[in-house]
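J.: Residues 630 to 713 (our numbering) are what the sequence shown spells out, left to right.
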Amino acid sequence: MSENTAVAVDTEELRSLVADALELPVEEVTDEAHFVDDLQVDSLMALEIVVNLEKKYGIKVAESDFKQVSNLLQVRALVDSKLK
Numbered sequence: 630m631s632e633n634t635a636v637a638v639d640t641e642e643l644r645s646l647v648a649d650a651l652e653l654p655v656e657e658v659t660d661e662a663h664f665v666d667d668l669q670v671d672s673l674m675a676l677e678i679v680v681n682l683e684k685k686y687g688i689k690v691a692e693s694d695f696k697q698v699s700n701l702l703q704v705r706a707l708v709d710s711k712l713k
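Below you can see the structure in the form of structure tokens.
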């Protein structure tokens, strides 16, 4: 990613945000941990993550967009795409 790109999303900041929303220790939210299979994320928890992302980054995340993501790296890619 070039230095000129709009705001780059800090992965650790994002990990912390997701962990807070899920009320989990940060170390459990690994890059590849599957939200449903590994972290038992339900629809209410997913909504909490979306609300936190929207507040923090000033973006709008459609439910259909968020249904496509299943781990932290995919959330980061989604947020990055919304910020561009």
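Ideal Cβ positions, reconstructed from N, Cα and C, are used throughout, including at glycine.
Three Cβ pairs or more, each shorter than 8 Å: is that satisfied between the region 682 to 693 and the region 659 to 670?
T.: no
J.: Where does Val680 sit, in a helix, a strand or coil, going by DSSP?
T.: Taking the sequence shown and counting its residues from 1, one reaches residue 680 at position 51. Of the three classes helix, strand and coil, the one that applies to Val680 here is helix, per DSSP.
J.: How many Å lie between Arg700 and Leu707 at the Cα?
T.: For this step, residue 700 is matched to residue 71 along the sequence shown. For this step, residue 707 is matched to residue 78 along the sequence shown. Checking the sequence, you will find Asn at residue 700 rather than Arg. Roughly 11 Å between the two C-alpha positions.
J.: Excluding sequence positions up to five away, which residues of its chain have a Cβ less than 6 Å from the Cβ of Phe664?
T.: By one-based count along the sequence shown, residue 664 stands at place 35. Once the five neighbours on either side are set aside, the close Cβ partners of Phe664 are Val670 and Ser699.
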